[in-house]
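So the sequence shown is numbered by this note's numbering: it starts at 8 and just counts up by one. For each residue, glycine too, the CB sits at the ideal point set by N, CA and C. All figures in this text were calculated on a predicted structure; none of them were measured in a lab.
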Amino acid sequence: MAVLVAASIGPACAASSDVSLSEMHFGRSEAGLREIQGVVKNISHHTLRQVYIAVNLLKNGMVVGYTTDIIFNLKPHEEWHIAAPCRTRVFKPTHFAVDELSVVE
């Protein structure tokens with residue numbers, strides 16, 4: 008299955024210069040549940056109080072769901088492995104787009 012990732016990070020990311028986002032893909036949790044996985048790295052020299060990611064789940068270009076993940080106190084140069092569950096009942100998403108990546112220092 009081909010996965011198209013449209014990274015349309017919105018204006019809520021003004022403070023996101025403190026983090027990098029990579030390796031975004033569909034994956035499975037240890038329990039076998041479908042989730043969005045990826046890596047956020049704190050590239051700053053200070054602890055970030057909160058990092059939040061919101062992702063639109065898409066099928067044929069239409070939003071069929073939404074998922075989020077959050078971490079608190081991400082230390083300098085530390086990596087956070089995103090595991091945002093894909094909970095859609097009717098439509099199975101084929102791709103996704105990052106809607107928001109925000110940082111609270």
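Would you call residue i buried or exposed, if buried means 16 or more other Cβ atoms sit within 10 Å of its Cβ?
i     : result
Val46 : exposed
Val97 : exposed
Whole angstroms is fine: what's the gap from residue i's alpha carbon to residue j's?
i     : j      : result
Ala61 : Glu112 : 18 angstroms
Gly34 : Gln44  : 6 angstroms
His32 : Ala90  : 10 angstroms
Leu81 : Ser51  : 10 angstroms
Lys66 : Thr101 : 5 angstroms
Ser24 : Ala38  : 33 angstroms
Cys93 : Glu42  : 5 angstroms
Val70 : Glu107 : 15 angstroms
Between the options, which has its C-alpha nearest residue i's C-alpha?
i      : options                        : result
Asn49  : Gln57, Phe103, His84 and Cys93 : His84
Tyr59  : Thr75, Leu65 and His53         : Thr75
Leu40  : Leu55, Lys99 and Gln57         : Lys99
Phe103 : Ser29, His53, Thr54 and Gly72  : Gly72
Thr95  : Trp87, His88 and Asn63         : Asn63
Ile77  : Ser109, Ser27 and Ser29        : Ser109
What is the DSSP secondary structure of residue i, counted as helix, strand or coil?
i     : result
Ser36 : coil
Ser51 : coil
Ala22 : Because the pLDDT of Ala22 is 45, which lies under 50, any placement of that residue in the model is unreliable, and the question is left without a value.
Lys99 : coil
Taking CB distances under 8 angstroms as the criterion, tell me whether residue i reaches chain B.
i     : result
Val47 : Although the question refers to chain B, the structure presented lacks it and comprises just one protein chain.
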